[in-house]
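S.K.:
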Amino acid sequence: MVLYTSPFPNSFLSVLHSFSWGLIFPCYWLADRLVASFVPTTYEKRQRADDPCYFHALCIIITTPIYLALLVASLPFALIGFLLWSPLQSARRPYIYSRLEDKNHANGASLLTEWKAAGNGKSFCFGSANVCLLPDSLARFNNVFNTQARAKEIGRRIRNGASRPQIKIYIDSPTNTSISAASFSSLVSPQGGDSTNRTVNSGIKRTTSMEYKGDNCGSNNSEDSREDKGGAGEPNEGEENTCIVRINGEDNGHMSDAEADTVNGQAHASDPAEPSLEGDADISKTPNHKQKEGDSGSLDSYSASRESLVKVRVGDGTVDQSTVNNKLLYKASIMKKTSVRKKKHTDETFDHEISAFFPANLDFLCLQEVFDKRAAEKLKEQLHHYFEYILYDVGVYSCHGCCSFKFVNSGLLFASRYPVMDAAYHCYPNGRGTDSLASKGALFLKVQVGSTPQDQRIVGYISCTHLQAIAGDTTVRCEQLDMLQDWLSEFRKSTSSSSTANPEELVAFDVICGDLNFDNCSSDDKLEQQHSLFTHYKDPCRIGPGEDKPWAIGTLLDPEGLYDEEVCTPDNLQKVLESEEGRKGYLVYPTSKNHSSSQKGRKASLKGNGRRIDYMLYTEEGLYLEWKVEVEEFSFITQLAGLTDHLPVAMRLMVSTGEDDP
Numbered sequence: 001m002v003l004y005t006s007p008f009p010n011s012f013l014s015v016l017h018s019f020s021w022g023l024i025f026p027c028y029w030l031a032d033r034l035v036a037s038f039v040p041t042t043y044e045k046r047q048r049a050d051d052p053c054y055f056h057a058l059c060i061i062i063t064t065p066i067y068l069a070l071l072v073a074s075l076p077f078a079l080i081g082f083l084l085w086s087p088l089q090s091a092r093r094p095y096i097y098s099r100l101e102d103k104n105h106a107n108g109a110s111l112l113t114e115w116k117a118a119g120n121g122k123s124f125c126f127g128s129a130n131v132c133l134l135p136d137s138l139a140r141f142n143n144v145f146n147t148q149a150r151a152k153e154i155g156r157r158i159r160n161g162a163s164r165p166q167i168k169i170y171i172d173s174p175t176n177t178s179i180s181a182a183s184f185s186s187l188v189s190p191q192g193g194d195s196t197n198r199t200v201n202s203g204i205k206r207t208t209s210m211e212y213k214g215d216n217c218g219s220n221n222s223e224d225s226r227e228d229k230g231g232a233g234e235p236n237e238g239e240e241n242t243c244i245v246r247i248n249g250e251d252n253g254h255m256s257d258a259e260a261d262t263v264n265g266q267a268h269a270s271d272p273a274e275p276s277l278e279g280d281a282d283i284s285k286t287p288n289h290k291q292k293e294g295d296s297g298s299l300d301s302y303s304a305s306r307e308s309l310v311k312v313r314v315g316d317g318t319v320d321q322s323t324v325n326n327k328l329l330y331k332a333s334i335m336k337k338t339s340v341r342k343k344k345h346t347d348e349t350f351d352h353e354i355s356a357f358f359p360a361n362l363d364f365l366c367l368q369e370v371f372d373k374r375a376a377e378k379l380k381e382q383l384h385h386y387f388e389y390i391l392y393d394v395g396v397y398s399c400h401g402c403c404s405f406k407f408v409n410s411g412l413l414f415a416s417r418y419p420v421m422d423a424a425y426h427c428y429p430n431g432r433g434t435d436s437l438a439s440k441g442a443l444f445l446k447v448q449v450g451s452t453p454q455d456q457r458i459v460g461y462i463s464c465t466h467l468q469a470i471a472g473d474t475t476v477r478c479e480q481l482d483m484l485q486d487w488l489s490e491f492r493k494s495t496s497s498s499s500t501a502n503p504e505e506l507v508a509f510d511v512i513c514g515d516l517n518f519d520n521c522s523s524d525d526k527l528e529q530q531h532s533l534f535t536h537y538k539d540p541c542r543i544g545p546g547e548d549k550p551w552a553i554g555t556l557l558d559p560e561g562l563y564d565e566e567v568c569t570p571d572n573l574q575k576v577l578e579s580e581e582g583r584k585g586y587l588v589y590p591t592s593k594n595h596s597s598s599q600k601g602r603k604a605s606l607k608g609n610g611r612r613i614d615y616m617l618y619t620e621e622g623l624y625l626e627w628k629v630e631v632e633e634f635s636f637i638t639q640l641a642g643l644t645d646h647l648p649v650a651m652r653l654m655v656s657t658g659e660d661d662p
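Shown next as structure tokens:
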């Protein structure tokens, strides 16, 4: 299948489309700015309250007549442009495929050679986020603003988080079966003597990631990083830049002072067969940007998680160079766990956490609500520092392909480190209300992730979608889930080149991710919770219809609190969401007939830990029979704090081949 690298089949139509949009854009921009000036965010309101010299009312009085006059003057040109633009959409392709041309950063082909399906298996990491990149006037109704700047910052944070080497710290305890994550910043900081900072609580994830800041920062294919794979035990294929450290914990789940001091200078391995990391560590806490006023997570500063960013340089000594390159500079963030929630299900087989960063070695990224075209371009440019393959501007416009007129695209964006083989898009024809103005739909992708020694391709399927958002439209969402399953089945059949007798391709995974706009605990969403999709695909956060696992939290933030000091940075938001009271204050909770989720005082009696409407689903059906797929890690991510009203989620799948390591 040919992937579309331009929106139109020939240059003449592209030029004509650019000309028509050039006539429309001034009117569109003026209308957007005019409406935006009357819809302030809570951040702007506080800024005006703190600054008596902020003459916003005077600015509106001056600029409004100017905007109106220019808007009226631009209307005739916009009308002419619209008459040209609308018919052109019938020839427009449903997406734009972009491949990184810089060979110094491109590594998709090399990734394919790394997995030959010989060994323990390989892990793949998937991420999903609703980034709310609407035109600025519409984004303000969700209490976010400055769409163009946010798009650039979102892309920068994602690729910075994903390009870090992965460091796993295991806490072993003879009596506590749960796996916990030690707080690196509390262990190594001068305040590490506080016993509360040394606490490692049960039911929390055991691994962590470190942000890479080396000579090739922004690139995920540095030679050093690709060589530093082994050394710590026998990691699976594909665990790039991974260092595994094992720490013996006490019976009560707390780290002793001696152990904390040991980690400050050394990292000890519990198994003598595993190489240890020894030597002093030169550690200093440094901000990741120049400190200035408005530093606490405001959009002016775009501050990242400063409290958990520390410099680590491994000193000379008996360090195994195959495990750690002592010439690299790292920024480490290991979560500080303050929640004492216990696992109700001790047989949980995978790690889970609330993380201040996107997971290291992120392979696939699915984004929703990337509606603004200029913002999509800025986001793509940032993501291309890490992802080689990107599909964006997905959807249809005008009356082409759907029943009603579409003013904006689907808002879907897909980024991958692995080559995309096939792609297809379908628009949901049953959108209602304001959702019908966007071409919401589903994007289906087939990627190649490796090959066997017999030259059989190893492939995976990924589906990205965004369902009807209006509350109460349960029937519409169920119909869209039905269409999603049917379209996916058709896509797999049409793109498969294998037969049971002579398989040319081996399917490693099949994943669905996106904003489904319903949660698993609301009484109003019972129809969606019982949909047949969940009989074929597994939700790692779900026990059954109406019940989530105790560690799962909501992904929809309360827009009114986005700029509160307690949650305006990734680190602060992470700390807040780790406590039950914090979640009640800053997450939107499931609705019920007897309770109003808008009243925080009533949230205590509501079910669950917030509305979880962003999903990562996977299936074991239709995969290569001799392989096994299981979740290795699930994360709720706070790195986009202050930039969107959703929490990104990430899932790492382990594809086990059943073969022993050579």
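In UniProt numbering, the protein residues as written are 1 to 662. All residues carry an ideal CB built from backbone N, CA and C; glycine is no exception.
Give me the DSSP bridge partner(s) of Ile553.
M.R.: As a first step, residue 553 must be located in the sequence shown, where it is residue number 553. Note: Ile553 sits in no beta bridge, so no partner.
S.K.: With Gly554 and Val588 assumed to form a contact (beta carbons below 8 Å), what rounded beta-carbon distance in angstroms separates them?
M.R.: What you label residue 554 is simply residue 554 of the sequence shown in a count that begins at 1. What you label residue 588 is simply residue 588 of the sequence shown in a count that begins at 1. About 6 Å separates the two Cβ atoms, so the contact holds.
S.K.: Whole angstroms is fine: what's the gap from Glu578's alpha carbon to Gln639's?
M.R.: Position 578 of the sequence shown holds residue 578. Position 639 of the sequence shown holds residue 639. Distance between the alpha carbons of Glu578 and Gln639 is about 15 Å.
S.K.: Starting from Val655, trace the alpha helix (DSSP H) both ways and give me its first and last residue.
M.R.: Here the question's residue 655 lines up with position 655 in the sequence shown. Here Val655 belongs to no alpha helix (DSSP H); instead the beta strand (DSSP E) covers Val649 to Ser656.
S.K.: Whose CA, out of Leu134, Arg156 and Pro559, lies closest to the CA of Asn146?
M.R.: As a working note, residue 146 is residue 146 in the sequence shown. That would be Leu134, whose Cα lies nearest to the Cα of Asn146.
S.K.: Mind listing, in chain order, the continuous beta strand (DSSP E) runs of no fewer than 3 residues lying wholly within the region 449-517?
M.R.: Unbroken beta strand (DSSP E) runs of no fewer than 3 residues, entirely contained in the region 449-517, are found at 457-466 and 505-515, following chain order.
S.K.: Among His646, Val507 and Leu3, which residue has its Cα nearest to the Cα of Ala117?
M.R.: Looking up residue 117 in the sequence shown gives position 117. Cα-wise, what sits closest to Ala117 is Val507.
S.K.: Going by DSSP, which residues form a beta bridge with Lys575?
M.R.: For the purposes of this step, residue 575 is taken as residue 575 along the sequence shown, with counting starting at 1. DSSP output for Lys575 lists no bridge partner at all.
S.K.: Return the first residue and the last residue of the alpha helix (DSSP H) that Lys380 is part of.
M.R.: Walking along the sequence shown from the start, residue 380 turns up at place 380. It spans Lys373 to Leu383 - the alpha helix (DSSP H) in which Lys380 sits, taken as one unbroken run.
S.K.: Sorry if obvious, but does the Cβ on Leu138 come closer than 7 Å to a heavy atom of the ligand NAD?
M.R.: For the ligand NAD, the structure offers nothing, since it holds no ligand at all.
S.K.: Contact check, Arg93 vs Tyr4 under 8 Å by CB: the rounded distance?
M.R.: For the purposes of this step, residue 93 is identified with residue 93 of the sequence shown, where counting begins at 1. For the purposes of this step, residue 4 is identified with residue 4 of the sequence shown, where counting begins at 1. Their Cβ separation, rounded to whole angstroms, is 4 Å, which keeps Arg93 and Tyr4 in contact under 8 Å.
S.K.: Nearest by alpha-carbon distance to Gly561: which of Gly546, Val576, Tyr586 and Pro570 is it?
M.R.: The residue given as residue 561 occupies position 561 in the sequence shown. Answer by Cα proximity: Tyr586.
S.K.: Give me the residue from Leu533, Asp510, Gln480 and Gly642 with the minimum Cα distance to Phe491.
M.R.: Reading the sequence shown from its first residue, position 491 is the one you call residue 491. The shortest Cα separation from Phe491 among Leu533, Asp510, Gln480 and Gly642 belongs to Asp510.
S.K.: Find the nearest neighbour of Ile462 within the set Thr475, Val35, Asp455 and Gln485, judged by alpha-carbon distance.
M.R.: Within the sequence shown, the letter at position 462 stands for residue 462. Nearest C-alpha to Ile462: Gln485.
S.K.: Using beta-carbon positions only, say whether Leu443 and Leu412 come within less than 8 Å of one another.
M.R.: Your numbering for residue 443 matches position 443 in the sequence shown. Your numbering for residue 412 matches position 412 in the sequence shown. Yes; because the gap between Cβ atoms is below 8 Å, this pair is in contact.
S.K.: Since I believe His646 is in contact with Ala129 (beta carbons under 8 Å), could you give me their beta-carbon distance rounded to a whole number of angstroms?
M.R.: Within the sequence shown, the letter at position 129 stands for residue 129. Within the sequence shown, the letter at position 646 stands for residue 646. Their Cβ separation, rounded to whole angstroms, is 6 Å, which keeps Ala129 and His646 in contact under 8 Å.
S.K.: Below 8 Å on the Cβ atoms is my guess for Val447 versus Lys122; work out the distance and round it to an integer in Å.
M.R.: For the purposes of this step, residue 447 is identified with residue 447 of the sequence shown, where counting begins at 1. For the purposes of this step, residue 122 is identified with residue 122 of the sequence shown, where counting begins at 1. Not confirmed; about 13 Å, so no contact.
S.K.: What are the boundary residues of the beta strand (DSSP E) that includes Val131?
M.R.: As a first step, residue 131 must be located in the sequence shown, where it is residue number 131. Its beta strand (DSSP E) spans residues Gly121 to Leu133.
S.K.: How is the alpha helix (DSSP H) around Arg156 delimited, first residue to last?
M.R.: To locate residue 156, count along the sequence shown from 1; it is residue 156. First-last of the alpha helix (DSSP H) with Arg156: Thr147 to Ala162.
S.K.: Can you give the Cα-Cα distance for Leu437 and Glu377, rounded to whole angstroms?
M.R.: As a working note, residue 437 is residue 437 in the sequence shown. As a working note, residue 377 is residue 377 in the sequence shown. Distance between the alpha carbons of Leu437 and Glu377 is about 22 Å.
S.K.: Would you please state the rounded distance, in angstroms, between the beta carbons of Arg374 and Leu111? I believe it to be under 8 Å.
M.R.: Looking up residue 374 in the sequence shown gives position 374. Looking up residue 111 in the sequence shown gives position 111. That belief does not hold up - the Cβ atoms of Arg374 and Leu111 are roughly 31 Å apart, past 8 Å.
S.K.: Would you tell me roughly how many angstroms separate the C-alpha atoms of Arg164 and Pro570, rounded to the nearest one?
M.R.: Numbered from its first residue, the sequence shown carries residue 164 at position 164. Numbered from its first residue, the sequence shown carries residue 570 at position 570. About 16 Å.
S.K.: Any idea which residues DSSP pairs Cys366 with across the strands?
M.R.: Here residue 366 refers to the residue found at position 366 of the sequence shown. Listed as beta-bridge partners of Cys366 by DSSP are Ser128 and Phe414.
S.K.: Under DSSP, the beta strand (DSSP E) around Leu617 begins and ends at which residues?
M.R.: Counting from 1 along the sequence shown, the entry for residue 617 is found at position 617. Asp614 to Tyr618 is the span of the beta strand (DSSP E), which, as asked, contains Leu617.
S.K.: Nearest-angstrom Cα distance between Glu528 and Gly433?
M.R.: By one-based count along the sequence shown, residue 528 stands at place 528. By one-based count along the sequence shown, residue 433 stands at place 433. Rounded to whole angstroms, Glu528 to Gly433 spans 20 Å at the Cα level.
S.K.: Which same chain residues end up closer than 6 Å to Phe407 when comparing Cβ atoms and leaving out the 5 residues on each side of it in sequence?
M.R.: Looking up residue 407 in the sequence shown gives position 407. Correct list, in chain order: Leu437.
S.K.: Quick one: grab the DSSP three-state call for Glu581.
M.R.: Along the sequence shown, one-based indexing puts residue 581 at 581. In the structure shown, Glu581 falls within a helical segment according to DSSP collapsed to helix, strand and coil.
S.K.: Quick one: grab the DSSP three-state call for Leu533.
M.R.: Position 533 of the sequence shown, counted from the first residue, corresponds to residue 533. It is helical.
S.K.: Whole-angstrom Cβ separation of Leu488 and Tyr615, contact assumed at under 8 Å?
M.R.: Against the sequence shown, residue 488 aligns to sequence position 488. Against the sequence shown, residue 615 aligns to sequence position 615. With a Cβ gap of about 14 Å, Leu488 and Tyr615 do not count as contacting.
S.K.: Looking only at its own chain, which residues have a Cβ that is under 7 Å from the Cβ of Ala91, when we skip the five neighbours before and after it?
M.R.: If you number the sequence shown from 1, residue 91 lands on position 91. Closer than 7 Å at the Cβ level, and outside the excluded window around Ala91, lie Phe8, Pro9 and Leu13.
S.K.: In the DSSP assignment, find the beta strand (DSSP E) that holds Arg48 and state where it starts and stops.
M.R.: As a working mapping, residue 48 is identified with position 48 in the sequence shown. Where Arg48 is concerned, there is no enclosing beta strand (DSSP E), although the alpha helix (DSSP H) it sits in stretches over Thr42 to Asp50.
S.K.: Leaving aside the five residues before and after Asn572 along the sequence, list all residues of the same chain whose C-beta is less than 6 Å from its C-beta, in chain order.
M.R.: Your numbering for residue 572 matches position 572 in the sequence shown. Answer for Asn572: Glu566, listed in chain order.
S.K.: Considering only residues of the same chain and omitting the five flanking positions on each side of Arg157, which have a CB-CB separation below 6 Å?
M.R.: Residue 157 sits at position 157 when you count from the first residue of the sequence shown. Only Gln639 meet the Cβ criterion.
S.K.: Is Asp422 helix, strand or coil when you go by DSSP?
M.R.: The count along the sequence shown starts at 1 and reaches residue 422 at position 422. Strand.
S.K.: May I ask which residues mark the beginning and end of the alpha helix (DSSP H) holding His17?
M.R.: Mapped onto the sequence shown, residue 17 falls at position 17. From DSSP, the alpha helix (DSSP H) with His17 extends over Ser11 to Ala36.
S.K.: Kindly confirm or deny that the region 347-360 and the region 625-642 touch, where touching means at least three C-beta pairs closer than 8 Å.
M.R.: Judged by Cβ distances under 8 Å, the region 347-360 makes contact with the region 625-642, as three or more pairs qualify.
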